Structure formats: C-alpha cells, structure tokens
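Colleague: Residue 292 in this note's numbering sits at position 282 of the sequence shown; the count goes up by one each step and never skips.
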Amino acid sequence: MEKLCEKTISVIGLGVVGLTTAVGFALKGHSVIGIDVTPEKVMGIADGINPTYEKGLGKALKKVKLATSTDFEQVLNSDVSFLCVGTPGNANGSINSRPMQEAAEQLAEQLKGKKSSHLVVVRSTVVPGTTEGKIIPLFRDMQEVRVCVNPEFLREGTALEDFMAPDRIIIGEDNRRQGDMLLGLYNCTADSSHVLRTNFRTAEMIKYTSNAFLATKISFINEIGNICKKLGIDVYEVAKGMGYDKRISKDFLRAGVGFGGFCLPKDTAALVMHAKETGYTPKILQEVLQLNKEQPLRMLELLKIHIPSLKDKTIGILGLSFKPDSDDTRESRAVPIIEALLKEGARVRAYDPQAIPNFQKLFPQIEYSSAEEVLASDATLIITEWDEFNHLDYGNSIVIDGRKIEAAKRAKIYEGICW
Ligand code: UGA
Numbered sequence: 011m012e013k014l015c016e017k018t019i020s021v022i023g024l025g026v027v028g029l030t031t032a033v034g035f036a037l038k039g040h041s042v043i044g045i046d047v048t049p050e051k052v053m054g055i056a057d058g059i060n061p062t063y064e065k066g067l068g069k070a071l072k073k074v075k076l077a078t079s080t081d082f083e084q085v086l087n088s089d090v091s092f093l094c095v096g097t098p099g100n101a102n103g104s105i106n107s108r109p110m111q112e113a114a115e116q117l118a119e120q121l122k123g124k125k126s127s128h129l130v131v132v133r134s135t136v137v138p139g140t141t142e143g144k145i146i147p148l149f150r151d152m153q154e155v156r157v158c159v160n161p162e163f164l165r166e167g168t169a170l171e172d173f174m175a176p177d178r179i180i181i182g183e184d185n186r187r188q189g190d191m192l193l194g195l196y197n198c199t200a201d202s203s204h205v206l207r208t209n210f211r212t213a214e215m216i217k218y219t220s221n222a223f224l225a226t227k228i229s230f231i232n233e234i235g236n237i238c239k240k241l242g243i244d245v246y247e248v249a250k251g252m253g254y255d256k257r258i259s260k261d262f263l264r265a266g267v268g269f270g271g272f273c274l275p276k277d278t279a280a281l282v283m284h285a286k287e288t289g290y291t292p293k294i295l296q297e298v299l300q301l302n303k304e305q306p307l308r309m310l311e312l313l314k315i316h317i318p319s320l321k322d323k324t325i326g327i328l329g330l331s332f333k334p335d336s337d338d339t340r341e342s343r344a345v346p347i348i349e350a351l352l353k354e355g356a357r358v359r360a361y362d363p364q365a366i367p368n369f370q371k372l373f374p375q376i377e378y379s380s381a382e383e384v385l386a387s388d389a390t391l392i393i394t395e396w397d398e399f400n401h402l403d404y405g406n407s408i409v410i411d412g413r414k415i416e417a418a419k420r421a422k423i424y425e426g427i428c429w
C-alpha cells in the first residue's frame, strides 16, 4: 500500500465538503492547498476564518493553517486533486453539472503539460455515468493523469467528525494502483472492513442511493406517523419498538415535518430525473418527495383546528434552519409553511438561534424576534428541534409541534404532527 504523506493534495471548491476534505487531510499530515474562485473566502480561510457553521472545522482550521489560492495553476504543485465543487439542482430536479464541468475543464487545462503522475478525485455528488462520460474524456490524452471517484458522506454540523471517523470509504476506480494511493491518503488499508472498491458508476450510485434511502426512511416514518395521529398512537414509541430490530435500526426514524437541507431533497430528485431519462419511472422515490412536500402543510391543517381563519392572526415560528446546530436554511421546512401562512393573510413572527440572517434574505417581510415573543403569538409552530426549545415556557401558548419537543407538551393547547 502506497502512502502519500510526503505528497501534496489540492482541493478544488471550498464549501463545507471541500473545506472539510482539505482540513481533514491536513490533520492526517498531508500538505494541502485549497482552491476556490471566491477571493474573500480564500483569504479568510488562509487567515483561519471558518466561513461555515461547522464548529469542529473552525478549531481545526486554526490548527492546520491551510494554504489557499484562487489560482488554478496551483494544482501543478500537487499530486492529487479533489473536485469538491457544488452540484446544485435545476428547477426540474435534475442536477446542474455545469459548475463541476467547468472546474474539471480548468483542471484539465492546467494538467495538460504536467510531466509527473496526477490523480483526479471526483468527490462531488454526480449522477452515475458522469465520471466516465464527462470527466474522463477531458483527461483522455494525458498519460500521467488518472481518475477515481470518492463520494463524501459528510453530515452538516458533524462534517469533520464524519471525515475523521467515516462509516465507510467508497472508491470508484479503473486501476487498482490509483485506488491504493487514494486509500493511502486516508491511512487506510485495502482490507479494512468499511472500504468498498468498485467501478465509477457504482460508486456514484452508492452516494445517490444512500441519500435517497435516508429520505425514504424519513418519508416512510412520516407516513406511519400520519396514520398514527389518526389512530391516537405515538409514532415515536412505534419507531422505538421497530428500531430494536437491527435490520431496521433506530436511526432516521424521527417523524415530523419532513426533511430539508441541500442534499436529501436534491439528490432524491436528481435520482428520479436520472432514472426517468433511462425510461424508468421510480414510483417509491416520487412518493417520498411528494409526501415531503405535503408534510409541512399538515401543520397548517392542525393549526386550523384551533384557529380556523388565519387572516390577521400572528403565527409564531420556532426554528428556521433545516436542522438544529446549523444556520443553513436551504429547503428548510419553514419555507413552505411560511409561504402558506402569508398566503392565508397571517402575520409571521419567527425565531431561530442561528439562521435568522440567512432567512431574512428569503423572507425580509416577516418579523424576527425572541423565542419568548414568538410564544406570545396567537399560535406557534415548531419546525426545528433546537435543544434550547426544550427550555422554554410554553404554558400560555397554542403549539403545533413538528419535531417532538417534550417541553412543548406543557402548552395550553398542544398538537403533535404525527403523535
Ligand atoms: C445528509 C446525509 O445524512 C449525509 O450522510 C450526506 O453526506 C449529506 O446529506 C450529503 O449528501 O452531503 P445533511 O444534509 O447534513 O446530511 O442532513 P441530515 O442530518 O441527513 O438531515 C436531513 C434532513 O432530514 C433534516 O431536515 C432533518 O431534520 C431531517 N430528518 C433527519 C428527519 O426529519 N428525521 C430523521 O429521523 C432524521
């Protein structure tokens, strides 16, 4: 097994995935240079300023003092380049591979004249067939350049932890030697139980399937929760009983207002679109997304049992980020709920411990205030399970809970979405 400690890694794209990859490899003792097109981000990171909400990353960044640049030419000083640019979704759900394509083209342009061997690693989430069909052709005439796929499985909030102690390492390769080099970077041996080596498109599919399965698990338990609500059963007790079965596992069975974030919705939608392009319509996955679209609106149905007309009522929102311990509001379930409330003529008063600045860009017209003021609204909806929401006084409020906050059960009127 070749170990690359004395070699240099370039990481292209310094979002959460790229920065975590860069810092993680630096912590493992490699020399790393981070490359990004945004000058302010590059300068900030070089000064040890963490542009993300990732807590662990900020501390580690100060420790490793990452070299950064906006100059693509810097890849020539490295032996391995990780492509970590974002792959956002198009309006129809398919992925926009343009940023990835452009980064790969720039990389190929630089590597044209390179005389020593270079490994290009596709780490971004790309639909199966992308590496073979779009990336490899860019390097076809370059004898010294080889390509591997190495999808990331980093959760926002615990990204560095996930990098340093991964559940699995998936490597897509067409050449054993390059795969060995890549594993060497992780200080991992080829026979480690959590390593899977496969071809490019299978590695790409594993990433999509993992996120689509997590999304399915959530929509499944939400569907069971919707049934439980009708039957007067607490779905959390049901999930607990199910979770004791190792084949099912207790994780990702927290029923509620649905899944958000940059990855689960986008990757599931992209897989649906990609499957359709092959002539297959994935029925389960379409329903997973549909249920996730409808789930937030159930909060309004429950609210209207207690306040039939929302016109001119003040409705409070606790939680704006897509999950706790994050300031990320992408695909937050608060978005469709607030849209629906405003459409019904309600006034919205919202609080979140971290995500207000990001949310203000989406909804400048609503009121932002403290959690206590939110609870003084005509009714309050809980959208994100921030820990501090367990320490509020709900006594005088009407609460519709989308995330099972125990303390909220002491509200004057309490409705759980699935319990
Ligand atoms: C997700 C995956 O969990 C990571 O493994 C993956 O690497 C990452 O996407 C990615 O592709 O980069 P993340 O988007 O950070 O990570 O968020 P999750 O922790 O998966 O949560 C997603 C959403 O599901 C949140 O809105 C959360 O509230 C919701 N959720 C999660 C539930 O509603 N119920 C659950 O039981 C679990």
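Virtual Cβ for every residue (Gly too), placed ideally from N, Cα, C.
Small disclaimer: the values here were computed from a predicted structure and weren't measured.
With a floor of 3 residues, list each beta strand (DSSP E) that falls wholly inside the segment 293 to 351, ordered by position along the chain.
Modeller: DSSP runs (the beta strand (DSSP E)) wholly in the segment 293 to 351: 324 to 328.
Colleague: Please tell me whether, using a cut-off of 6 Å, the distance from the CB of Ile273 to the nearest non-hydrogen atom of ligand 1 is below it.
Modeller: Walking along the sequence shown from the start, residue 273 turns up at place 263. Position check: residue 273 holds Cys in this sequence, whereas Ile was assumed. Yes, the beta carbon of Cys273 sits closer than 6 Å to at least one heavy atom of ligand 1.
Colleague: Please classify Ala365 as buried or exposed, where buried requires at least 16 other C-beta atoms within 10 Å of its C-beta.
Modeller: On the sequence shown, position 355 is the one that residue 365 refers to. Ala365 is buried by the Cβ-count criterion.
Colleague: Closest to Ala70 by C-alpha separation, out of Gly39, Ile43, Val33 and Ala113, would be which residue?
Modeller: Reading the sequence shown from its first residue, position 60 is the one you call residue 70. Checking every option, the nearest Cα to that of Ala70 belongs to Val33.
Colleague: Which residues in the same chain as Gly54 place their Cβ atom closer than 7 Å to its Cβ, once the five residues preceding and following it in sequence are excluded?
Modeller: Sequence index remark: in the sequence shown, residue 54 carries index 44 (1-based). So the qualifying residues of the chain are Pro61.
Colleague: Can you list, in chain order, the residues of its chain with a C-beta nearer than 7 Å to that of Gly271? Leave out the 5 residues immediately preceding and following it.
Modeller: If you number the sequence shown from 1, residue 271 lands on position 261. Excluding positions up to five away in sequence, the list reads Glu166, Phe332, Lys333, Asp338, Arg340 and Glu341.
Colleague: Exposed or buried, what is Tyr290 when buried is set at 16 or more other beta-carbons lying within 10 Å of its beta-carbon?
Modeller: Locating residue 290 in the sequence shown gives position 280, where the first residue counts as 1. Classification of Tyr290: exposed, given that the 10 Å Cβ count is below 16.
Colleague: State the CB to CB distance for the pair Lys321 and Glu354, rounded to an integer number of angstroms; the pair is presumed to be in contact (CB under 8 Å).
Modeller: As a working note, residue 321 is residue 311 in the sequence shown. As a working note, residue 354 is residue 344 in the sequence shown. 7 Å between Cβ atoms; contact.
Colleague: Relative to the alpha-carbon of Ser79, which residue among Val42, Lys65 and Leu121 has its alpha-carbon at the smallest distance?
Modeller: Position 69 of the sequence shown holds residue 79. Checked all of Val42, Lys65 and Leu121; the closest Cα to Ser79 is Val42.
Colleague: Identify the continuous alpha helix (DSSP H) that holds Leu29 and give its terminal residues.
Modeller: Reading the sequence shown from its first residue, position 19 is the one you call residue 29. Counting along the chain, the alpha helix (DSSP H) containing Leu29 begins and ends at Val26 to Leu37.
Colleague: What do you get for Lys419, buried or exposed, if any count of 16 or more other CB atoms within 10 angstroms of its CB means buried?
Modeller: Mapped onto the sequence shown, residue 419 falls at position 409. Classification of Lys419: exposed, given that the 10 Å Cβ count is below 16.
Colleague: Which full runs of the alpha helix (DSSP H) of 4+ residues lie inside the segment 139 to 169, going along the chain?
Modeller: Counting only runs of 4 or more, we get 146 to 149.
Colleague: Can you check whether the CB of Phe269 is closer than 7 Å to the CB of Leu330?
Modeller: As a working mapping, residue 330 is identified with position 320 in the sequence shown. As a working mapping, residue 269 is identified with position 259 in the sequence shown. Cβ atoms of Leu330 and Phe269: not closer than 7 Å.
Colleague: Work out the CA separation of Glu382 and His401 for me, nearest whole Å.
Modeller: Counted from its first residue, the sequence shown places residue 401 at position 391. Counted from its first residue, the sequence shown places residue 382 at position 372. In a straight line, the C-alpha of His401 is about 11 Å away from that of Glu382.
Colleague: Three or more C-beta pairs under 8 Å: does that hold for the segment 258 to 268 against the segment 220 to 237?
Modeller: Contact between the segment 258 to 268 and the segment 220 to 237 is present, because at least three Cβ pairs lie under 8 Å.
Colleague: Hey, is Phe399 close to ligand 1, as in C-beta under 6 Å from one of its heavy atoms?
Modeller: Along the sequence shown, read from residue 1 onward, the residue named residue 399 stands at position 389. No, the Cβ of Phe399 stays beyond 6 Å of every heavy atom of ligand 1.
Colleague: Using 10 angstroms around the beta-carbon of Ser126, count the other beta-carbons present and answer buried if the total reaches 16, otherwise exposed.
Modeller: Working through the sequence shown from its first residue, we reach residue 126 at position 116. Label assigned to Ser126: exposed.
Colleague: If you measure between the beta carbons of Arg133 and Cys94, is that distance less than 7 Å?
Modeller: Here residue 133 refers to the residue found at position 123 of the sequence shown. Here residue 94 refers to the residue found at position 84 of the sequence shown. Their beta carbons are under 7 Å apart, which means Arg133 touches Cys94 by this criterion.
Colleague: What is the DSSP secondary structure of Asp411, counted as helix, strand or coil?
Modeller: To locate residue 411, count along the sequence shown from 1; it is residue 401. Three-state DSSP puts Asp411 in a strand.
Colleague: Under 7 Å Cβ to Cβ from Ile59, same chain only, skipping five residues before and after it: list those, please.
Modeller: Here the question's residue 59 lines up with position 49 in the sequence shown. Contacts found: none.
Colleague: May I have the straight-line CA-CA distance separating Ala389 from Val298, to the nearest angstrom?
Modeller: In the sequence shown, the residue the question calls residue 389 occupies position 379. In the sequence shown, the residue the question calls residue 298 occupies position 288. Rounded to the nearest angstrom, the two C-alpha atoms are 29 Å apart.
Colleague: Are Pro292 and Val282 closer than 7 Å when you measure CB to CB?
Modeller: As a working note, residue 292 is residue 282 in the sequence shown. As a working note, residue 282 is residue 272 in the sequence shown. Contact flag set, yes.
Colleague: Would you kindly report the start and end of the unbroken alpha helix (DSSP H) that includes Arg108?
Modeller: Walking along the sequence shown from the start, residue 108 turns up at place 98. Here the alpha helix (DSSP H) through Arg108 covers Arg108 to Leu121.
Colleague: Can you list, in chain order, the residues of its chain whose CB lies under 6 Å from that of Thr324, leaving out five sequence neighbours each side?
Modeller: On the sequence shown, position 314 is the one that residue 324 refers to. Cβ neighbours of Thr324 beyond the five flanking positions: Arg357, Arg359, Ser387 and Asp388.
Colleague: Can you tell me whether Asn221 sits near ligand 1, meaning its C-beta is under 6 Å from at least one heavy atom of the ligand?
Modeller: Taking the sequence shown and counting its residues from 1, one reaches residue 221 at position 211. Yes.
Colleague: Taking 8 Å as the threshold, find out whether the segment 133 to 150 comes into contact with the segment 167 to 177 through three or more Cβ pairs.
Modeller: The segment 133 to 150 is not in contact with the segment 167 to 177.
Colleague: Does the distance from the C-beta atom of Pro306 to that of Ile347 stay below 7 Å?
Modeller: Within the sequence shown, residue 306 is the residue found at index 296, counting from 1. Within the sequence shown, residue 347 is the residue found at index 337, counting from 1. Contact flag set, yes.
Colleague: Please list the segments of the alpha helix (DSSP H) lying wholly inside the segment 40 to 111, counting only runs of 4 or more residues, in order along the chain.
Modeller: Within the segment 40 to 111, the complete alpha helix (DSSP H) runs of at least 4 residues are 49 to 56 and 65 to 74.
Colleague: Would Gly123 be called buried (16 or more neighbouring beta carbons within 10 Å of its own) or exposed?
Modeller: Locating residue 123 in the sequence shown gives position 113, counting from the first residue. Gly123 is exposed by the Cβ-count criterion.
Colleague: State buried or exposed for His204, treating a residue as buried only when at least 16 other CB atoms are found within 10 Å of its CB.
Modeller: Here residue 204 refers to the residue found at position 194 of the sequence shown. Burial call: exposed.
Colleague: With which residues is Ile231 paired in a DSSP beta bridge?
Modeller: Numbered from 1 along the sequence shown, position 221 holds the residue referred to as residue 231. In the DSSP output, where bridge partners are listed per residue, Ile231 has none listed.
Colleague: Is the beta carbon of Ile180 within less than 6 Å of some heavy atom of ligand 1?
Modeller: Looking up residue 180 in the sequence shown gives position 170. Not so, every heavy atom of ligand 1 lies at least 6 Å from the Cβ.
Colleague: Helix, strand or coil, according to DSSP, for Val137 in the structure here?
Modeller: In the sequence shown, residue 137 corresponds to position 127, counting from 1. Coil, per DSSP.
Colleague: Cα separation between Lys13 and Gln188?
Modeller: As a first step, residue 13 must be located in the sequence shown, where it is residue number 3. As a first step, residue 188 must be located in the sequence shown, where it is residue number 178. Confidence at Lys13 is low in this model, with a pLDDT of 47, below 50, so its placement is unreliable and no value can be given for it.
Colleague: Pair every Cβ in the segment 245 to 253 with every Cβ in the segment 72 to 90, then say whether three or more of these pairs are closer than 8 Å.
Modeller: Cβ pair count under 8 Å is below three, so no.
Colleague: Could you check whether the Cβ of Gly251 sits closer than 6 Å to any heavy atom belonging to ligand 1?
Modeller: In the sequence shown, counting from the first residue as 1, residue 251 sits at position 241. The answer is no for Gly251.
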